[in-house]
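Quick note: to get the numbering used here, add 102 to the position in the sequence shown (first position is 1). Positions of the beta carbon are idealized from the N, C-alpha and C atoms, including for glycine. Here's the structure we're looking at; comments come further down.
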Amino acid sequence: MREIYFPDRKIEDGAAFITLEAPYRAQDAALVPVSVKATVPRDAGWSIKTVTLLIDGNPVPLAGKFHLFDEAGGGGVEISTRVRVNEYTLIHAVAETSDGRLFSAERYVKAAGGCSAPAMKNPEQAMARLGKMRMNLPQSLPVGTPVTAQLLVSHPNHSGMQFDQISRTYVPPYFVKSIKVSYAGQPVMDVETDISLSEDPSLHFTFVPKAAGELDVQVLDSKDDVYTGEWPVTPQPAS
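Written out as structure tokens, the structure is:
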């Protein structure tokens, strides 16, 4: 994985400040919850700019490359999503800092068949809701304090390995390629994704509400279709 995604670069052990959480034995290999948490000392002089999530044993290991822009990356990072796991494998989270260093954490997961598991929704339901989004925000949004939001995107995210029992053919790959999140006109996070992300992608992320503004999302899929959503954010004065 290092030579494919980080050629000729040193990756240090990040266990001191990075936590990668995933079930040791997944209940559903097509919907494996994964969380990456990192704490950066306030006087460290660096922040986390990118987190790369890799499922080593998958046909396409990259589940997501999260580019962080909001100041929440300076004090720490919390990202959660759901992935497909194709075989018993290690999962790696690799964080790149603003000064160019790489740190990693790993977790072993027992799951198999996630990339070829049939879709949970029937095709008509999936296409009827294609591109629809929901944003879950906490009730309290203190100004200047990092908060966690959840983005849900309705998309079949076909891996290309799923077999249609009716047509007796493989379902062509059709998946989300990128997700861009901005707040009040400023970028918060850009995500590069691939087939290892689950059906109907779910993404928890942090941002810092400073003033009233729109939380905007743009989703691009492998057919170059674009879906957008926006949600008003009105932070309250800190008590």
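Check: Delimiting residues of the alpha helix (DSSP H) encompassing Pro225; Outcome: 225 to 230
Check: 8 Å contact criterion, which Val153 and Ile193 should meet: CB distance rounded; Outcome: With a Cβ gap of about 13 Å, Val153 and Ile193 do not count as contacting.
Check: Check whether Pro258 and Glu301 have beta carbons under 8 Å apart; Outcome: yes
Check: Nearest neighbour of Leu322, chosen from Arg209, Pro289, Lys212, Glu294 [CA to CA]; Outcome: Glu294
Check: Assumed close pair Leu299, Phe265 - CB separation to whole angstroms, cut-off 8 Å; Outcome: With 8 Å as the limit, Leu299 and Phe265 do not qualify as a contact, their Cβ atoms being about 20 Å apart.
Check: Ile113 - partner residues in DSSP beta bridges; Outcome: Leu204
Check: Alpha carbon of Arg231 to alpha carbon of Asp110, nearest angstrom; Outcome: 43 Å
Check: Sequence-distant residues of its chain with Cβ nearer than 8 Å to Ala313 (five each side left out); Outcome: Val245, Ala286, Pro337
Check: Span separating the alpha-carbon of Val310 from that of Val328; Outcome: 26 Å
Check: For Ile106, the first and last residue of its enclosing alpha helix (DSSP H); Outcome: 104 to 107
Check: N- and C-terminal bounds of the beta strand (DSSP E) containing Leu170; Outcome: 164 to 170
Check: For Gly178, the three-state DSSP class (helix, strand or coil); Outcome: strand
Check: Close Cβ partners of Val255 (< 6 Å) along its chain, the five nearest in sequence each way excluded; Outcome: Met235, Pro303, Val321
Check: Straight-line Cα distance separating Ala228 from Ala221; Outcome: 9 Å
Check: Reference Leu133; option with closest CA among Gly315, Asn188, Pro275, Asp158; Outcome: Asn188
Check: C-alpha gap between Ser218 and Thr271, whole angstroms; Outcome: 13 Å
Check: Beta bridge counterpart(s) of Glu301 as assigned by DSSP; Outcome: Answer is none; Glu301 lacks a bridge partner.
Check: Length of the line joining the Cα atoms of Ala213 and Ile106; Outcome: 23 Å
Check: Beta-carbon gap between His306 and Thr250 smaller than 8 Å; Outcome: yes
Check: Beta-ladder partner(s) of Thr330, from DSSP; Outcome: Gln320
Check: Three-state secondary structure (DSSP) of Tyr285; Outcome: strand
Check: Ile120, buried or exposed, once every other Cβ within 10 Å from all chains shown has been counted against 16; Outcome: buried
Check: First and last residue of the uninterrupted beta strand (DSSP E) at Val136; Outcome: 134 to 141
Check: Inter-residue Cα distance where the pair is Arg104 and Ala146; Outcome: 26 Å
Check: Bridge partner(s) assigned by DSSP for Gly215; Outcome: In the DSSP output, where bridge partners are listed per residue, Gly215 has none listed.
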